[in-house]
Every structure is written in structure tokens, then in C-alpha cells.
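Residue numbers (our numbering), protein chains in the order written: chain A, 11 to 154; chain B, 11 to 154.
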DNA sequence: CGGCATCCACCGTGATACTG
DNA sequence: CAGTATCACGGTGGATGCCG
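Okay, structure coming up:
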């Protein structure tokens, strides 16, 4: 007999897989893109440098905390530069680096795909939801 | 004077922006991609059709619940097909649709970018972390 | 103006157990 | 084999309040 229960083996597999996923560049990047605000911030900066408060206005619903957090993460990854002008009051500008521009291009590709094929996705959803309705099962509650 | 406090105005902006974001195809797609397992599942299926249990094995650490949830979401969006063969025992196959293949291609582009530029990101991170250390501030605790 | 620390609420995620 | 239902936990994002 094995020295582990099935649950223990799955647990171990999970831990290993998690480690694997964390070290995978693709997944790390995906993680970054999925950070709710990163995509928006990059898009906002893709047309040129912006001040902190300009960004706060462009990304209407964001909280100061998340804006800072997002920008710090992007800065750490070398995707944006942070320029402090020690005037009174202080002025901080953010701009994309060449690397960040590359990310913006990637984002544009995603955007293009999304806009091109979104009708198909919408149709598929409606079909799926309609079928689910008729057979009485609730399935997925409309959206996440 | 305004009839709302600053907090109330931000709150309203947040709600409106949320609605805007939800209706934005790009963001919806980004949301999908960010679902921890979607990328992996699509990658796994990109080489051909697989059974439920095969997927469970390929995505080592996934729980049955998340696997089903992920597959259902993809099916709803018309990205994968679900084929039930009513034998004993039951057999269920999942495969990418043409639309899903398109998504897989997109994912490959992301992967390519990630692998090409990840060194730069890593360097940037090390530089950033080193600088933060020397000036005594803790800043970002290594990663998210 | 720009930023950080603290506290808190929510929900996505996973474990567990049960069904056809 | 292929799920579904229920529960519990932890991380993430938001609100608030204080510094430079």
C-alpha cells in the first residue's frame, strides 16, 4: 500500500504544480495582465506620460491604493518609469518603458481579437443559456 | 456646494466604471484569461481532444470542482465542445472549437512574449528590489 | 499632491462528501 | 467515470486616516 492517502498525494501534486506555475513566465505575465487595473493603466499610458492624478481621473473607479499598487508593480517589472519632480507641490509622472510598450502592443492584439470575435462569444453564450433554461438546469448563473 | 461627498462621488464613479468595464470585450476576455486554470486548460486541449480525467491528470493540482467550472465557462463561451458518449461508464470528451483555437493562438503569442522578455523583467525586478533594500524602505515584499 | 498603513468585507478557491 | 453540493479559509481590493 502507498504511504499516502489519495488526498495527501493530490495535495502534494497541488503544491508542486503551484511552484511550477509560479516559476512559469507565461503564467506570471498572465497574472500581471489579469490584475484588474494593469491593462487599463497600460492602455492609458500608451498614448504618453501621465501624472498620478491624471491616471486617477482616467481610471475613474480606482482607489488610490490600487493605483499606487498597480504602478509600483509595473515599475518593479520595468514596464513603467516613475519620475518625481520635487517642486511644491510634488509632481510625479509615469510613462511606459520600451518594454512596457511591448506589453501595450500585446494588449492591443488581445483587444483586436476580443473585438473581432466577441459577437461569436456572445452568440455562444446566448445559445448556451437558452439551452440550459429549457432543460430546467440552472448551470452557470449568467456570468461570473 | 455639491450634494455629494467626495466618497459618494467616487463610489458612483466606481459603479459606472465597473459597468463600463464589464461591457468591454477586451476586459471580459482578460477576465477569462486570468481565471487561473483557463490558460492551462486551453493549452492542454490545443494538442487535441481530451477526456475529463485526462485533463484532471494534465492539470495536476486542480480540484474536480474547478475543472468543471473552468470547462463550463469555456463551453458557454463557445471555446470548447463537450461531447458525452453514453457508454458504461460514461465518457466525456472536450475539444477546442475554431474559436478556442484562436484563443490558443493568442495565448501562444503571450507565451512567446513572456519567454522573450522575461529576463528583462527579472533584471528590472532585481534592480528595483536592490534599490529598495539600500534605502531602507521595504516597498514591495518580493512579489504579490 | 502623492503615498502609505491599518482595518475590514467579500468572494474566489479548494476540501470534503455524495450522486448517476 | 464524471460530475454536484456544501462548507471553510485566505487573499484581494476598498475605505479610512495619517505623513512628506
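The beta-carbon is built from N, C-alpha and C at its ideal position, and this holds for glycine as well.
Throw me the rounded Cβ distance for the residue i and residue j pair, which I believe falls under 8 Å.
i	j	result
residue 125 of chain B	residue 88 of chain A	At roughly 16 Å, the Cβ-Cβ gap does not stay under 8 Å, so residue 125 of chain B and residue 88 of chain A are not in contact.
residue 114 of chain B	residue 56 of chain B	4 Å
residue 69 of chain A	residue 83 of chain A	That pair is no contact at about 15 Å.
residue 123 of chain A	residue 112 of chain B	7 Å
Just the Cα atoms here: how many angstroms apart are residue i and residue j?
i	j	result
residue 92 of chain B	residue 63 of chain B	13 Å
residue 118 of chain B	residue 44 of chain B	15 Å
residue 86 of chain A	residue 138 of chain B	6 Å
residue 120 of chain A	residue 81 of chain A	21 Å
residue 76 of chain A	residue 47 of chain A	8 Å
residue 19 of chain A	residue 108 of chain B	36 Å
residue 40 of chain B	residue 28 of chain B	14 Å
residue 33 of chain B	residue 136 of chain A	15 Å
residue 98 of chain B	residue 132 of chain A	35 Å
Using DSSP with H/G/I as helix, E/B as strand and the rest coil, what is residue i?
i	result
residue 105 of chain B	strand
residue 98 of chain A	coil
residue 57 of chain A	coil
Determine the contact status of residue i and residue j, defining contact as a CB-CB distance below 8 Å.
i	j	result
residue 51 of chain B	residue 31 of chain B	no
residue 102 of chain B	residue 61 of chain B	yes
residue 140 of chain B	residue 71 of chain A	no
Tell me which residues share the same chain as residue i and place their Cβ nearer than 8 Å to its Cβ, disregarding the 5 neighbours each side in the sequence.
i	result
residue 128 of chain A	none
residue 21 of chain B	none
To which residues of the same chain is residue i closer than 6 Å at the C-beta, ignoring the five residues directly before and after it?
i	result
residue 95 of chain A	101
residue 152 of chain B	Here residue 152 of chain B scores only 45 on pLDDT, less than 50, and its place in the model should not be relied on; the value that follows carries that caveat. Here the set comprises nothing.
residue 149 of chain A	No answer about residue 149 of chain A holds up, because its pLDDT of 45 lies below 50 and its placement is not dependable.
residue 134 of chain B	none
Using a Cβ-Cβ cutoff of less than 7 Å, which residues in the same chain neighbour residue i once the five nearest sequence positions on both sides are dropped?
i	result
residue 25 of chain B	none
residue 90 of chain B	55, 81, 84, 104, 105, 106, 107, 110
residue 49 of chain A	43, 117
residue 37 of chain A	31
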